[in-house]
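A.B. asks: One structure follows; several queries about it will come next.
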Amino acid sequence: MDEREKMGLIETILFVSGEALPVKRVAGFLDMSPNQTEKLLDKLSDTFNFERRGLQIIKVNDCYQLATRPEYGEYIENFFGTVKKQTLSQSVLETLAIIAYRQPITRMDIELIRGVRCEYTLGVLLNKGLVKEVSRLDAPGKPILYGTTDIFLKTFGFSSLDELPPVDEELQ
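All letters in the sequence shown, in the order written, are residues 684 to 855 by my numbering.
Take a look at the structure:
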């Protein structure tokens with residue numbers, strides 16, 4: 684695959700994802716080093732900027748995301764009425780539900796329940812402000828304990844955690 688095809692694939696991945704992706708994840712998918720991948724992302728971003736496209740590539744820490752240009756925000760709102768809210772993936776929702784019902788909870792406990800690693804989904808939830816680090820467990824390594832935020836409550840229409848729907852006894 685040549686450079687142009689790789690840039691097209693990166694653009695497609697960012698578009699379909701709808702959220703910020705870590706450079707290492709994109710690099711692993713393309714079988715490239717993170718440094719090479721970052722150079723392609725920067726080149727793609729420069730192309731978007733030079734051509735004044737309606738989309739831009741933004742970088743937050745070591746993650747990249749495809750987003751609309753701020754100068755087009757008013758037009759988007761006029762066209763759609765309101766900006767469409769982003770949806771959360773199934774894996775992110777599962778992780779969020781575990782945190783909501785079991786908080787405070789460590790990442791390791793979340794992974795034991797889900798049966799898969801959850802750094803990425805936890806990162807998405809932290810970036811969106813739906814969960815936060817509430818304290819540290821008094822155990823070796825002092826693992827972080829996670830809990831939900833007021834943004835979580837507002838987003839899902841709850842005034843308190845007491846309003847969460849009950850969970851079947853079988854599922855606990």
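By construction, the Cβ of each residue, glycine as well, lies at the ideal position given by its N, Cα and C atoms.
Sort out for me which residues DSSP pairs V814 with in a bridge.
C.D. replies: In the DSSP output, where bridge partners are listed per residue, V814 has T831.
A.B. asks: Would you report the Cα separation of L808 and E794, rounded to the nearest angstrom?
C.D. replies: 15 Å
A.B. asks: For chain D, check one thing: does any of its Cβ atoms lie closer than 8 Å to the Cβ of L779?
C.D. replies: Any reference to chain D falls outside this structure, which holds one protein chain only.
A.B. asks: Identify, in the order they occur along the chain, each residue of the same chain with its Cβ nearer than 8 Å to the Cβ of V817, setting aside the five sequence neighbours on each side.
C.D. replies: Around V817, the same chain offers Q786, P787, L828, Y829, G830 as residues with beta carbons nearer than 8 Å, after the five sequence neighbours per side are excluded.
A.B. asks: Would G737 and T751 be called neighbours here (beta carbons separated by less than 8 Å)?
C.D. replies: Yes; because the gap between Cβ atoms is below 8 Å, this pair is in contact.
A.B. asks: Thinking C-alpha only, which one of L704, P705, M715 is nearest M684?
C.D. replies: Closest option to M684, judged by alpha-carbon separation, among L704, P705, M715: M715.
A.B. asks: Between the Cα of Q769 and those of E846, E702, M690, spot the shortest distance and give me the residue it belongs to.
C.D. replies: Q769 has its Cα closest to that of E702, out of E846, E702, M690.
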